[in-house]
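*Asks:*
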Amino acid sequence: MKNSIFKFLLILTSTVTGSFAFAAPQVVRELETFKTSAGEVQLESLVKGLDVIWGFDFLPGGDIVLTERPGRMKIYRASSHKLEEVKGLPTIRTGGQGGLLDVRVHPDFDKNALVFFTYVEGRAKGEATTVLARAELRGAELRNFKKLVVSEAWTDEDIHFGSRIEFDGKDKVWFTIGDRNERPRVQDLAHHNGKILRVDLDGKPAAGNPFLNRKDARPEIYSSGHRSPQGLAIDPVTGRLWLSEMGPRGGDEINLIVAGANYGWPDATYGREYYGPKIGETSKAGTVQPVKYWVPSISPSGLAFYAGEAFPAWKGHLILGNLSGQHLRRLTLKGEQITEEETWLKDKAWRFRSVRAGPKGEIYFGTDEGRLARIQPLPKN
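The sequence shown begins at 116 in our numbering and counts up by one.
1) What residues are listed by DSSP as bridge partners for VAL230?
2) At 4 residues or longer, what runs of the alpha helix (DSSP H) sit wholly inside the segment 256-313?
3) Could you say if the segment 230-248 and the segment 286-295 meet the contact criterion of at least three C-beta pairs nearer than 8 Å?
4) Determine the direct distance from the alpha carbon of SER152 to that of LYS495, and round the result to whole angstroms.
5) If I measure Cβ to Cβ from LYS197 and keep anything under 7 Å in the same chain, skipping five residues before and after, which residues do I get?
6) For LEU371, collect the residues of the same chain with a Cβ closer than 7 Å to its Cβ; drop the 5 residues on either side in sequence, then sort them by chain order.
7) If GLU159 sits next to LEU146, beta carbons under 8 Å apart, how far is it from one beta carbon to the other, in whole angstroms?
8) Let me make sure I understand the geometry here. Which of LEU418, GLY164, ALA193, ARG192 has the alpha-carbon closest to that of GLU183?
9) Determine the DSSP secondary structure at GLY241, reduced to helix, strand or coil.
10) Could you pull the start and end residues of the beta strand (DSSP E) that LEU347 belongs to?
11) Can you find the residues in the same chain that come closer than 6 Å, C-beta to C-beta, to HIS307, ignoring five residues on each side of it along the sequence?
12) Is the beta carbon of GLN212 less than 8 Å from the beta carbon of PHE290?
13) Which residue from ARG471, PHE426, LYS449 puts its Cα closest to that of GLY436?
14) Hey, which unbroken runs of the beta strand (DSSP E) at 3 residues or more fall wholly within the segment 330-413?
15) Are the beta-carbon atoms of TYR385 and GLY401 separated by less than 8 Å?
16) Less than 6 Å between C-beta atoms, sequence neighbours within five positions excluded: which residues of the same chain meet that for PRO492?
17) Just tell me which of ASP283, GLY375, TYR408, GLY362 has its CA closest to the CA of TYR389.
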């Protein structure tokens, strides 16, 4: 039986293109400090007044390209501290949890100008699904747009679209798709619901994918058994892929992703239905246990590895955004185990949607309240 609680809350859907004019957000440079285990640090807010900042990434030179879930893409110009709207987006289906989702800058952007992004596409009868696309970002305009993958996860549900993007080297792309509230499809390899996909830069199944030679499986699938995968990050030292995903009532997870592995949802979970009953067992043969799970929920979202020099004590740690928990969380990683946790900025009551480590070692985040900010060392006197 489908969970109707979300459905009832997420009725409104609309279609937008990237060409509408919107009220200008407020570009600010607000400075404050807060205490961490590594001492006092500085919080600098760069922009506020945007809509949900689902994703962002860094362009050469320090500019930031970001997405707003209602269907807008913008560039924060670091030198002028101004925002510029990006033109040329495709038609995007918005409403509920859908809209314009993640964005990533290709590692060879200097040569190819490519950005990859995910968004929700609609069709007749109110159905929608997650799409991976790419385009050249020239100035503040998307050119040579190409739709790479239209996921086989169509449903009229407006929740659990995913979607995070991560590069596997320079020639392959991972991206996540949620269960779309269609639980039986998650354990079915004929559907993309609740999967991580891995494709080449043209959207074709990547060489080495675990199900390439199975007729009963979609060849793009890399892993399965995911509910609402919200964060994706590569360990810069080992190259291993880590995932954060939301459970229902409890059962939020951090997972270490292995090709072909099944992470259990909905058969194996530490979460329960929102109205109380158990969903499955906490473990099941043939499924992988999470590295870490939380009960009650913290609603994990964006995930980033910290590898910068600005905060040496945090090198190799994970930084996790949280929505209902309304904080950032630093996770100390020892091998494949999380051994320590520290929460930051809980007093702000912000929903931390997206997190990335900056090119100079700062920690950047975007919130559902439309704030783009960074954490950095205190200035030297």
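A virtual CB, placed ideally from N, CA and C, is assigned to each residue, including glycine. In this text, all values refer to a predicted model and were calculated from it rather than measured experimentally.
*Replies:* Well, looking at it:
1) In the DSSP assignment, VAL230 forms a beta bridge with VAL220, ALA250.
2) As far as the segment 256-313 is concerned, its whole alpha helix (DSSP H) runs of at least 4 residues are 298-301.
3) Enough Cβ pairs lie closer than 8 Å, so yes.
4) One C-alpha to the other measures close to 19 Å.
5) Hits under 7 Å: VAL142.
6) Correct list, in chain order: ARG355, TRP357, VAL406, GLU451.
7) With a beta-carbon spacing of about 5 Å, GLU159 and LEU146 fall inside the 8 Å limit used to define contacts.
8) Residue GLY164 is the option with its Cα nearest to GLU183.
9) Three-state DSSP puts GLY241 in a helix.
10) Bounds of the beta strand (DSSP E) holding LEU347 are 343-349.
11) Taken in chain order, the residues that qualify are SER266, GLU267, ALA268, ILE292.
12) With contacts defined by Cβ atoms closer than 8 Å, GLN212 and PHE290 do not form a contacting pair.
13) Of the listed residues, the one whose Cα sits closest to GLY436 is ARG471.
14) At a cut-off of 3 residues, the continuous stretches assigned as beta strand (DSSP E) that sit fully inside the segment 330-413 are 336-338, 343-349, 356-361, 367-372, 407-409.
15) Result no, Cβ atoms of TYR385 and GLY401 do not sit closer than 8 Å.
16) For PRO492, the CB contacts under 6 Å within the same chain, skipping 5 residues up- and downstream, are ALA425 in chain order.
17) Between TYR389 and the set ASP283, GLY375, TYR408, GLY362, the nearest pair of CA atoms involves GLY362.
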